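In what follows, a single structure is set out as C-alpha cells and then discussed.
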Amino acid sequence: MKIIRQGIALLFKTVLLALLIAILIPPLYFAWRASHPMELPQFKGLTYAQFTEWRVISCKKYLTTSKEEEANCTIVRHVAADLYATNIAALLIWVEKPELFKYVTPYNFLPTMWGMFESLTWEINRSESGTLRFFGSIPTPEEFEAMKLELSANAIP
C-alpha cells in the first residue's frame, strides 16, 4: 500500500511540475522574443519592446497637441491591449478555421504563436481605431533612438 501511495504522489508531483512548466514557458518565450527584432517588414526591425515604447512616446506627443487626458498612455495598457486582442483574435481564427493549425506541433507551437502575435498586432494597430491611424508611420530603430534622444533632451530644463 505504501508503494502505491508513493507512486501516486510521484505521479501527482510529475503532473504538477509539467503543468508548471507548461504555464511558465510561453510567457518567458514571449518576453525573450520581445527583445528581438520582429520578423514582419512592416515593423522596420523594431523589437516589440521598442514598438510599444514608440507608441507610448507617440501617444504622449499626440495628447500634448490634442489636449486630451494622458491616462491612456501607459506601456502596460498597450501591451495588455495587444495580448488581449491578439489572443481573442487567435481563438476566433482557431475556431473558424482549424485547418490553418494542422501543421502546428509542440515543436513549432511557440514560434508559430509569436508569428501570429506579430501579424495580429500589426493588423490591430493599423485598423481604423489602431494607433497607427493617430501616430503615423513606424520609425526605423535608428529613427526611434533619435526620437528618444530628442525627447530626453527636451525633458532637461
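If you count by the working numbering, then the sequence shown holds residues 113 to 269, one letter each, in order.
Note that CB positions come from ideal geometry on N, CA and C, so glycine has one too.
Note that the structure is a prediction, hence the values are computed from the model and not measured.
Leaving out the 5 sequence neighbours to the left and right, which residues in its chain are closer than 8 Å to E169 when beta-carbon positions are compared?
Taking the first residue of the sequence shown as position 1, residue 169 is located at position 57. According to the sequence shown, residue 169 is Ile rather than Glu. Contacts found: M259, K260, L263.
Distance check for I200 and E208, CA to CA, integer angstroms please.
Here residue 208 corresponds to residue number 96 of the sequence shown, with the count starting at 1. Here residue 200 corresponds to residue number 88 of the sequence shown, with the count starting at 1. About 12 Å.
Along the chain, where does the alpha helix (DSSP H) that runs through M225 open and close?
Taking the first residue of the sequence shown as 1, we reach residue 225 at position 113. Counting along the chain, the alpha helix (DSSP H) containing M225 begins and ends at 221–237.
Which stretch, first to last residue, makes up the alpha helix (DSSP H) that contains G132?
Working through the sequence shown from its first residue, we reach residue 132 at position 20. Per the sequence presented here, residue 132 reads as Leu, with Gly not at that position. L132 -> alpha helix (DSSP H) spans 114–145.
Just tell me which of T164, L123, A130, P139 has its CA closest to the CA of T233.
As a working mapping, residue 233 is identified with position 121 in the sequence shown. Of the listed residues, the one whose Cα sits closest to T233 is T164.
Can you check which of these residues, Y219, T159, N220, A146, is closest to E257 by C-alpha distance?
Mapped onto the sequence shown, residue 257 falls at position 145. Comparing Cα positions, the closest option is T159.
DSSP-derived helix/strand/coil call for P218:
In the sequence shown, the residue the question calls residue 218 occupies position 106. P218 falls in the coil class under three-state DSSP.
Spatial distance of Q162 from L222 (CA atoms)
Residue 162 sits at position 50 when you count from the first residue of the sequence shown. Residue 222 sits at position 110 when you count from the first residue of the sequence shown. So the two alpha carbons sit approximately 21 Å from each other.
Report all residues from its chain with a CB closer than 7 Å to the CB of Y141; omit the five preceding and five following residues, and keep chain order.
For the purposes of this step, residue 141 is taken as residue 29 along the sequence shown, with counting starting at 1. Closer than 7 Å at the Cβ level, and outside the excluded window around Y141, lie L222.
Which of helix, strand or coil does DSSP assign to P149?
Along the sequence shown, read from residue 1 onward, the residue named residue 149 stands at position 37. Under the three-state reduction of DSSP output, P149 falls in the strand class.
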